Every structure is written in C-alpha cells, then in structure tokens.
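To get my numbering, take the position in the sequence shown, counting from 1, and add 26. Each residue gets a CB set at the ideal place from its N, CA and C atoms; glycine is no exception. Note that the structure is a prediction, hence the values are computed from the model and not measured.
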Amino acid sequence: MSRAKVVSLANQKGGVGKTTTTINLGAALALLGRKVLVVDSDPQGNTSSGLGVDAANLEHHLYHCYMQQVEATQVVRPIADLPNLALLPTQMDLVGVEVELMDAKKRERYLANLLEPVLGDYDYVFIDCPPSLGLLTLNALAASDSVLIPMQCEYFALEGLSHLVRTVRLVKNAYNQKLFVEGLVLTMFDRRNRLTYQVQKEVFSHFQDRLFDTVIPRNVRLSEAPSHGQSVLLYDKTAAGAVSYMALGKEFLKRQEKKRH
Numbered sequence: 027m028s029r030a031k032v033v034s035l036a037n038q039k040g041g042v043g044k045t046t047t048t049i050n051l052g053a054a055l056a057l058l059g060r061k062v063l064v065v066d067s068d069p070q071g072n073t074s075s076g077l078g079v080d081a082a083n084l085e086h087h088l089y090h091c092y093m094q095q096v097e098a099t100q101v102v103r104p105i106a107d108l109p110n111l112a113l114l115p116t117q118m119d120l121v122g123v124e125v126e127l128m129d130a131k132k133r134e135r136y137l138a139n140l141l142e143p144v145l146g147d148y149d150y151v152f153i154d155c156p157p158s159l160g161l162l163t164l165n166a167l168a169a170s171d172s173v174l175i176p177m178q179c180e181y182f183a184l185e186g187l188s189h190l191v192r193t194v195r196l197v198k199n200a201y202n203q204k205l206f207v208e209g210l211v212l213t214m215f216d217r218r219n220r221l222t223y224q225v226q227k228e229v230f231s232h233f234q235d236r237l238f239d240t241v242i243p244r245n246v247r248l249s250e251a252p253s254h255g256q257s258v259l260l261y262d263k264t265a266a267g268a269v270s271y272m273a274l275g276k277e278f279l280k281r282q283e284k285k286r287h
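Below is the structure:
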C-alpha cells in the first residue's frame, strides 16, 4: 500500500502566503487527479475557513486528535467542491497543545502518530504550520518528509529564511533524518518592483534548483477567495493567482517524478 508524502509549509514569518499556498497547491493537485489531505495546524484556523469549514461549530478537530480523544479518521472532512481534497480542521483550542504536552514524553511525535492511520488514503499531505517555531511546528516537521517554504519578495524575508533553514537542520538531526527542504516558492511577486527581482536573484544564489520557477503574483482574486470559503482555482480559475497555482502544482508534480527516477 502506498503512503502519502507529507509536506510541511513553514515560515516563522507571518503574512508570506503560507496558508494561501497550502489551500491552492492542495486544490491544484486535487484537480490534477491526486488525493490530497490538508492539515490545518495553525490555531488561527484560516486554512479551515478558507476551504469553507467553520471549525468553531465542529464537535472535534485537530486539538482533540492531539489529546487522543478521537482518531484523525473521525475528524477528516471531505471538501464538497473538490472530491480529491480533504481537510483535517482546527480552531483556536489548538493553542492549548503547547501547554498540555509540556511534560509529555516524545511530545514532538504526536502529530506523526495521529496521522499514521490516514497516510494510506492519500498521495500528498500538506501541513499548514503556524508562523512560529514552537511545538506545533516541531510536530509538523517531525511528521514530514519535506518542507516547502513560501516567502514574500521583500528584503527582510531573507533574514528569516536562514533561521528557518537552521531549524529544519536541527529537527533533521535530532528527530527526523529524512527531512529535507522541498523548495522555496516566491509569493506576492510584484513585477513592477525592482526589489522583487533582487530578492529572487539573492534566493536563487543560495538555493539554485530548490527555488521553484513558478512565482505567485499579487492578485486581488487570491485575497478574495478565502472569504468565500474556496480555493482561487474554483473561485476564479482565470485569475492570475489561479493560473500560477495550477502551474505550481504541475511543477511540483514534475519534480516528484524526477525524484523517483
């Protein structure tokens, strides 16, 4: 039985398009025929609401899986408009995990353990991490095969990037030998701004082929889609943001094929 590849979307800096990328890359792969589970591991719950799920009204969500009150299989919800996409939702209670597991043994393995029973049902699992490097992100990295880093094209983004890469290395050495950086995706790309190209050049000089060719532009439709509880690929498939995420999905799959051969 094949097992899903697990990818964390991480960046300790907020507002870099992490949640947007989780939702829309997941949707792109689902539309391309892959079975995808999106795990909302950010207590803000924006991935859940962005996929049309009001987690505040759910009896159980990711927090209850962490507390071993329910199995992940009981909490996973299909996304109505995207038959190949499912969501493990969350809401603000998830903040409590940091405190509840403070003294727990192997506390970094909780997410890996709770996801294990569902991995056979999917091709890919994408975990949306909170914008911090605390226990929730540690659990995501310990449960993942790789890390995808969305980053905004701005000067200070580079500073945070080196810190994140260091953290990935530490987690790899201490908890998860197979972990690697899948790649970097430049978001909020503004073709009118010269700094955008400088940042792109700088990132490429450090990461070369790990930088995805596809860039995600600033796009009004991308900002509007979450308030309608939809991926931009369903909200307006002709929008620049939708076209870019579909291109990213194809590039992502092409890279996976290369790794297999």
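Nearest residue (CA-CA) to T99, options A273, R195, L88: L88
How would you call E299, buried or exposed, if buried means at least 16 neighbouring beta carbons within 10 angstroms? What the structure shows of the chain is the stretch from 27 to 287, and residue 299 is not part of that stretch, so it cannot be assessed.
On the criterion of 16 or more Cβ atoms from any shown chain inside 10 Å, does S257 qualify as buried, or is it exposed? buried
Can you check DSSP and say which residues form a bridge with T213? Q178
Bridge partners of V96, per DSSP? Per DSSP, none; premise fails for V96.
So, with DSSP's three-state summary, where would you put E85? coil
Exposure of N53, with buried meaning 16 or more beta-carbon neighbours within 10 Å: For the sequence presented, residue 53 should be read as Ala rather than Asn. Counting Cβ neighbours within 10 Å, A53 comes out buried, since at least 16 surround it.
Considering Cα atoms alone, identify which of N110, R60, T46 is closest to R247. T46
Simplified DSSP state of K25, which is helix, strand or coil: Outside the displayed span of the chain (27 to 287) sits residue 25, for which this structure offers no information.
With a threshold of 16 other CB atoms inside 10 Å of the CB of G275, please say whether the residue is buried or exposed. buried
Give me, in chain order, the residues of the same chain whose beta-carbon lies closer than 8 Å to that of Q117; leave out the 5 immediate sequence neighbours on both sides. P69, G71, S74, A81, A82, L84, H87, Y89
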